[in-house]
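Please read the structure below before turning to the comments.
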Amino acid sequence: MTTTVQVAGRDDTTALAELRHLWTAETWDMTDDVTFGERFSRWVAAPRGDRTFWIARDGGRPVGMVNMFVVERMPRPGRPDSRWGYLGNLFVVAGHRRAGVATRLVEALLAAAADRGLEHVVVHPNEQSGPFWRHSLFEPSDLLVHRLP
8 MTTTVQVAGR DDTTALAELR HLWTAETWDM TDDVTFGERF SRWVAAPRGD
58 RTFWIARDGG RPVGMVNMFV VERMPRPGRP DSRWGYLGNL FVVAGHRRAG
108 VATRLVEALL AAAADRGLEH VVVHPNEQSG PFWRHSLFEP SDLLVHRLP
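All letters in the sequence shown, in the order written, are residues 8 to 156 by the working numbering.
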């Protein structure tokens, strides 16, 4: 397998939407949604801050994706400005799992985070991805709190 990972561009929106569709089909019972492609394209194109997508391809075929949203912290007197990244939506198609694709996507994202001087990168794993994150460069933290609706 010759998998490449690169920053996704506007021309990759359809491929990203297809990956998101595959992921959703694996996770939830879903009905046909004829509007999804258009809604996804609008969502990607809308100005919503600093978000970067990476896409993995095997022989040109999309096989994985991840994205990072950068949060710019409110400035403080006497302290340098800082930013951090939120890693989200890591997905690899079933036939390419456990072949290093997810690791390569995360490594590309972390290299970009380092190049951009981000303070840290966080991820909110789900039950299914827990084993991957436990064996990654990420460490559990009890510093995060959240409120569920």
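Built from N, CA and C at the ideal position, the CB exists for glycine as well.
Going straight from the alpha carbon of residue 13 to that of residue 150, what length do you get? 32 Å
Alpha carbons only, please: which of 113, 99, 75, 148 is nearest the one belonging to residue 33? 99
If the criterion is Cβ atoms closer than 8 Å, does the pair residue 73 and residue 26 meet it? In this structure, residue 26 does not lie closer than 8 Å to residue 73 by Cβ.
Across the segment 92-107 and the segment 62-80, are there enough close Cβ pairs to call them in contact, namely three or more that are closer than 8 Å? yes
Nearest to residue 136 by CA position, among 127, 105, 114, 36, is which residue? 105
Measuring straight from C-alpha to C-alpha, what distance separates residue 102 and residue 61? 19 Å
Contacting residues, own chain, Cβ-Cβ under 6 Å from residue 24 (five flanking each side not counted): 44, 47
By DSSP's criteria, residue 58 is part of a beta bridge. Which residues make up the other side? In DSSP, residue 58 forms a bridge with 76.
Hey, how far is the Cα of residue 127 from the Cα of residue 92? 6 Å
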